[in-house]
Each structure stands twice: as structure tokens, then as C-alpha cells.
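To start, the structure itself, in C-alpha cells.
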Amino acid sequence: MPSPLVNMTGVAGGQSDLATWIIAISILISTVLSILAFLGVAQGIQLRVWKSQIEARLRVLEGYVNDVRDESKKLLRKLGVKDPDVVAARVLDYFVVEPVNIEPTDITRRLERVLRTEEEHIEQIVLLALGSRPKGVEETALFKNAVTLLGIANAMNLLYKYLRHMLLLGIKTRNALLVTQLWMLLPYYMRIAKAYRSAARTISRGMPIGDAAGPLVAYRLVRSVAASNEVLYREIAKDTVYATIEYLGRRVYVVRARGPGSTVGRPGEAVEKLAEKLSQGEIAAIITVDAALKFEGEQTGAIAEGSGVAMGDPGPEKIKIERLAVRRGIPLYAIAIKMSFEEAIGAMNKNIVKGVESALERLKQLIQETSKPGDTIIIVGVGNTIGVGL
Amino acid sequence: MAFACGMDCAYLALYGASLVVVVYLLQGAYRARKRSRVVVKLRCTKCQRELVKQFRDGDFVGKIYNDICIECGGAVVEAIYVDDVVPLVERLFGKSNRGQRKT
Chain L
1 MPSPLVNMTG
11 VAGGQSDLAT
21 WIIAISILIS
31 TVLSILAFLG
41 VAQGIQLRVW
51 KSQIEARLRV
61 LEGYVNDVRD
71 ESKKLLRKLG
81 VKDPDVVAAR
91 VLDYFVVEPV
101 NIEPTDITRR
111 LERVLRTEEE
121 HIEQIVLLAL
131 GSRPKGVEET
141 ALFKNAVTLL
151 GIANAMNLLY
161 KYLRHMLLLG
171 IKTRNALLVT
181 QLWMLLPYYM
191 RIAKAYRSAA
201 RTISRGMPIG
211 DAAGPLVAYR
221 LVRSVAASNE
231 VLYREIAKDT
241 VYATIEYLGR
251 RVYVVRARGP
261 GSTVGRPGEA
271 VEKLAEKLSQ
281 GEIAAIITVD
291 AALKFEGEQT
301 GAIAEGSGVA
311 MGDPGPEKIK
321 IERLAVRRGI
331 PLYAIAIKMS
341 FEEAIGAMNK
351 NIVKGVESAL
361 ERLKQLIQET
371 SKPGDTIIIV
381 GVGNTIGVGL
Chain C
1 MAFACGMDCA
11 YLALYGASLV
21 VVVYLLQGAY
31 RARKRSRVVV
41 KLRCTKCQRE
51 LVKQFRDGDF
61 VGKIYNDICI
71 ECGGAVVEAI
81 YVDDVVPLVE
91 RLFGKSNRGQ
101 RKT
């Protein structure tokens, strides 16, 4: 009879061979992987994963660009442009060259010339496609909204092309740092693009955006003093108007862009021209009211007071008011209505409207504190007047 | 289906648990969904009464609407803004924080 021990030894020997093979292969694999990790293969795999994620986000961004382009074409068609594709194609790749900054002498005037050429040229492109100037308040508003929408489409197209360029450059030059940086910054850029896309829908419907808070305060101030049919608005600069009202014995000039079309006007030029009509020492104060970006954690619609010119322009308009104030010794006061970037370019919400009401009360208080009866004050409602009429 | 203890009860428990999870996720998604409407606030030029209506293309702040105030007739648009619509489920069961991103 065979010994049971012989059988057990045979089975045990087979199992130990298998275990040995498994252990040997595991050690070999981990050694090879460790060597490959030192050679940068792990980084290559990581980059491939990031590249596919970036490409997926860029496809979404491309969709946003197409959406905004389609919205602008729809608005152009509504305006009466027969071939909106040609207009959109021409404006989408429009570029502006910055003025030379190594020589800063008169840089603001050069920048002003370049920016005004851009604004006037894009309007001219749309007018040529339209065939005639728009007539009436609603048609003019539609025209201004279409021009703004084309501007948004241009900005989004540039953003998309820039991000795609960074990705392709990083892959072509095998620059891992570039791809990594792009992957890390992409959520921020996508947030901006999403905000622009939602803004395009708001602008195509002619609804007020958060940035209209400044002009809305100016409108409410004028309406609180006089009925709309009693106030005469005069045009003082392109797309910019002013009204003269009496408030607690003070003469108040309220300057704002002409609405309800989408425009920011030329408030700096307007204030300069107004001051030419007034004598030295006559202006007691210049108060600007504008929407301001809030910090994360701040409440939308919160009001802050400060000094200086509250204006988010690149320089030409703001510097005119500052230079006037320096020449004539006029104090500059500012009231800011806080909101996020998305809220500033998106549809106005209830919190911003409450902020406008608070800003109006603060403005009235500031007028009383900074002047006495008989003085003249200039108030500028800075912002885009889309959806805010006179 | 047999209701004796064993595999059938296990399957029943699994189906029941899956159904509970699906219903929980759906109601959370429904409550987190943001709905909003565009509100036009008007003020009567005579009696100063506040009126509210839905936004229509062509509305703007300062636009005068004749025959909109029941008593006096004319009213002027004072503000146009987006207002969140509170869903019925949220009104009954309270606010859900799922999917909410504060800007």
C-alpha cells in the first residue's frame, strides 16, 4: 500500500512551484515598473490622460463658440442683414494691436485711437451689410446689441484658439509643463467661457446685465427727482447723454450712456465737455457709480464707498476725468456695487437690484455730505446700458 | 415569487435597496435643479402701485406701458431681473445643497 505521505509530498511540491513562479514574476514586474518610472514613462502616461481631458473640454468650448456665433447671426438676421455669415466671419477674427508701450508718452491717446477705430469699424461693417442706418429706439438698440454680440463671439473665438494653440504647442514640443499648466488653468477659462455664453443669450434678448447697475442708479436718481417726461436728456458725446436736475438745492449733472442698446458710451469725454461749460471752482465733486468685482465670500449687491474714478475702462476715458479733477482740484468719489464676473456679464438678478437701491440711498447721502446748496455736482453712472432706457 | 427566507428574499432586498437609492438620487437632482424666470417690475405713474409681469422681447427699463394698471392705466418699467423659482418640493421639504455652487 503506498504511503499517504508520498502523495502529500507530490501535491505540496507542485503548489510551491506555482507560488515561486508568481513571486518571481511579481518581483520582475515591480522592478521593470520602477525602472520605467525613473525613465519618465509615468509622466508620459499622465500627460496622455491630461491631453484627452483637455481635448474634451476644448470640444465643449468649441460648442460654446458656435452657440454664440449662431446667436449673433440670428440677431443680425432679425436686424435685417441678408448675409450674416459674411459679417460674422469677418468680425470673428478681428484683432487689435496694442500701442507701443516702451515709449509711454501719449499712450492713452494712442490706445484711445486704436480702440475707437475698432468700435467704429465693426459698426461700419454691420451698417454696410444692413444697407441703411437703423431708425427708432428699438432698431438702434437691436443694432447695438448685435455689435456687442459680435464682440463676445470674437473674444470667445480668440480664447478657444489660444487654448488650442497652447495644447498643440505643448504636445509638439513635448513640453509637459505647458500641458500641465493648461490642465490646471482650464477650469478657470471654462468658467469665463460659460459666463460669456450665458451673457450672449441675455444680450440677444436685450435684458439688462449686472454691469448696467451704474446706469440704473443714474436712471433711478433722475426718476426720483422728476418724472420721465419732464427730463430732457442731451447728447454730449457719442452714445452718451446727460440730464440736469435739482436735488436739495444742488445742481446735479447726471451722465450715462444712452440706452436701451448695449453701449458704455464715452463718459470721460462727456465729463470733459461738461466741465468746459462750467467755470473753475464751480464743480464741487465728481461721483462715479459702477459695478465692481467682489471677492469670493462677499455678498452680491453689497455697497462700498471709495475715492477715485470707478470705471473699468482700459484707460482713455478714466484718465480724462482724473486729469480734469487734477486741473480744477475737484474731489473724486466712487460708489461700487459688488458682484461676481458671471453676474456682471449675465442677466441682472434680484440681489443686484437691491444693491442698486442701496447705492441710490448712499449716493443721495454722499451728495448731501460732500456739497452744500448752490453747488454743482457731476454724477456718472458707469456701465453698459443694455435694457436700461432713458 | 416565494416569500420564504433564502435567495428570493435576498433578491427582493437588493431590488428594494436599488429603488431607494434611485429615488433618493432623482429627488436630489430635482431639488438641485435651478429654475428661474425673468421678472419685469413696473410702477404706476399715478398711484405708485408696484406691478409685476413676465419679460417679453423689447422690454427695457423706462418703457411706458399704457393700460397696465387696473386703476390708473399707465405704468413705467422700473427693473428687469432674473428671479429664482422655488420648486414645490423645496417649499415643502426645505432647501437642498446638492449641486449648488455659490458664485
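Going down the list, the sequences are from chains L and C.
Per our numbering, numbering through the first sequence is continuous, rising by one, with the last residue being 390.
Per our numbering, numbering through the second sequence is continuous, rising by one, with the last residue being 103.
Cβ coordinates follow ideal geometry from the N, Cα and C atoms, glycine included.
Among the candidates the options, whose CA atom is the shortest distance from the CA of residue i?
i: V255/L; options: Y219/L, D313/L, S34/L; result: Y219/L
i: R251/L; options: V41/L, T117/L, D375/L; result: D375/L
i: P373/L; options: A325/L, I35/L, G249/L; result: G249/L
i: R201/L; options: E120/L, R57/L, G346/L; result: G346/L
i: K63/C; options: Q46/L, G355/L, P260/L, A325/L; result: P260/L
i: Y65/C; options: K46/C, G16/C, L25/C, G28/C; result: K46/C
i: F93/C; options: Y15/C, A17/C, Y30/C; result: Y30/C
i: R258/L; options: V241/L, V326/L, R266/L, I286/L; result: V241/L
i: I287/L; options: S16/L, E369/L, G206/L; result: E369/L
i: I45/L; options: I171/L, D83/L, E235/L; result: I171/L
i: G281/L; options: R266/L, P99/L, G151/L, R327/L; result: R327/L
i: L177/L; options: Q299/L, E119/L, K51/L; result: K51/L
Report yes if the C-beta distance between residue i and residue j is below 7 Å; otherwise report no.
i: I203/L; j: N145/L; result: yes
i: V380/L; j: P208/L; result: no
i: V217/L; j: V264/L; result: no
i: L142/L; j: L92/L; result: no
i: A153/L; j: S72/L; result: yes
i: I303/L; j: S358/L; result: yes
i: I245/L; j: V271/L; result: no
i: D211/L; j: A155/L; result: no
i: Y253/L; j: I378/L; result: yes
i: S262/L; j: T173/L; result: no
i: G315/L; j: L115/L; result: no
i: I68/C; j: V40/C; result: no
i: G301/L; j: K364/L; result: no
i: V231/L; j: A243/L; result: yes
i: R35/C; j: V85/C; result: yes
i: N175/L; j: V65/L; result: no
i: I367/L; j: A213/L; result: no
i: R43/C; j: E78/C; result: yes
i: I54/L; j: L167/L; result: yes
i: F55/C; j: V76/C; result: no
Considering just the uninterrupted stretch of the beta strand (DSSP E) at residue i, what are its terminal residues?
i: N66/C; result: 64 to 69
i: D83/C; result: 73 to 85
i: L293/L; result: 283 to 293
i: S307/L; result: 303 to 307
i: I245/L; result: 240 to 247
i: E296/L; result: Careful: E296/L lies outside any beta strand (DSSP E) and carries neither H nor E.
i: V252/L; result: 250 to 257
i: A212/L; result: A212/L -> no beta strand (DSSP E), and no H or E assigned at all.
i: A237/L; result: 234 to 237
i: G355/L; result: First-last for G355/L: 350 to 370, but that is the alpha helix (DSSP H), not the beta strand (DSSP E).
Kindly indicate the opening and closing residues of the alpha helix (DSSP H) around residue i.
i: K73/L; result: 41 to 79
i: L168/L; result: 137 to 172
i: L115/L; result: 107 to 130
i: V271/L; result: 267 to 277
i: L51/C; result: From DSSP, L51/C is part of no alpha helix (DSSP H) but of the beta strand (DSSP E) over 50 to 54.
i: T180/L; result: 176 to 204
Considering only residues of the same chain and omitting the five flanking positions on each side of residue i, which have a CB-CB separation below 6 Å?
i: E269/L; result: A237
i: T103/C; result: Here the model assigns T103/C a pLDDT of 46, short of 50, so the residue's position is not dependable, and the following value carries that caveat. Result list for T103/C: empty, nothing under 6 Å.
i: A275/L; result: L324
i: L51/C; result: L42, A75
i: T9/L; result: Here the model assigns T9/L a pLDDT of 48, short of 50, so the residue's position is not dependable and the matter cannot be decided.
Within the same chain, show all residues whose beta-carbon is closer than 8 Å to that of residue i, passing over the 5 residues directly before and after it, in chain order.
i: Y11/C; result: none
i: L36/L; result: A42
i: R57/L; result: L186, M190
i: T233/L; result: In the sequence under discussion, the amino acid at residue 233/L is Tyr, which differs from the Thr named in the question. Only V241, Y242, A243, R258, L390 meet the Cβ criterion.
i: V137/L; result: P260, G389
Only counting the same chain, and skipping five residues up and downstream in sequence, which positions put a Cβ closer than 7 Å to that of residue i?
i: P215/L; result: R256, A257, G259, G381, G383, T385, V388
i: A325/L; result: I286, L332
i: R362/L; result: I303, E305, I335
i: M348/L; result: P208, I209, G210, A212
i: P84/L; result: K73, L76, R77
Is residue i near the ligand HEM - that is, is its Cβ less than 6 Å away from at least one heavy atom of it?
i: K318/L; result: With respect to the ligand HEM, the structure offers nothing, as it holds no ligand at all.
Establish whether the CB of residue i and some CB of chain D are separated by less than 7 Å.
i: A75/C; result: In the displayed structure, chain D is absent; the protein chains listed are L and C.
Take every Cβ of the stretch 119 to 129 of chain L, pair it with every Cβ of the stretch 322 to 342 of chain L, and state whether three or more of those distances are shorter than 8 Å.
Not touching, per the Cβ criterion.
Counting pairs of Cβ atoms below 8 Å between the stretch 180 to 198 of chain L and the stretch 333 to 353 of chain L, do you hit three or more?
Verdict: yes, contact present.
Stretch-stretch touch, CB-based, cutoff 8 Å, three pairs: the stretch 105 to 113 of chain L with the stretch 298 to 313 of chain L
Verdict: no, contact absent.
Check whether the stretch 155 to 163 of chain L touches the stretch 182 to 191 of chain L, taking contact to mean three or more Cβ pairs, one atom from each stretch, closer than 8 Å.
Output reads yes: the stretch 182 to 191 of chain L touches the stretch 155 to 163 of chain L.
Any contact between the stretch 317 to 331 of chain L and the stretch 9 to 24 of chain C? By contact I mean 3 or more CB pairs, one from each, below 8 Å.
Contact between the stretch 317 to 331 of chain L and the stretch 9 to 24 of chain C is absent, because fewer than three Cβ pairs lie under 8 Å.
Quick one: any contact between the stretch 60 to 74 of chain L and the stretch 85 to 99 of chain L, if contact means 3 or more CB pairs under 8 Å?
Yes, the stretch 60 to 74 of chain L is in contact with the stretch 85 to 99 of chain L.
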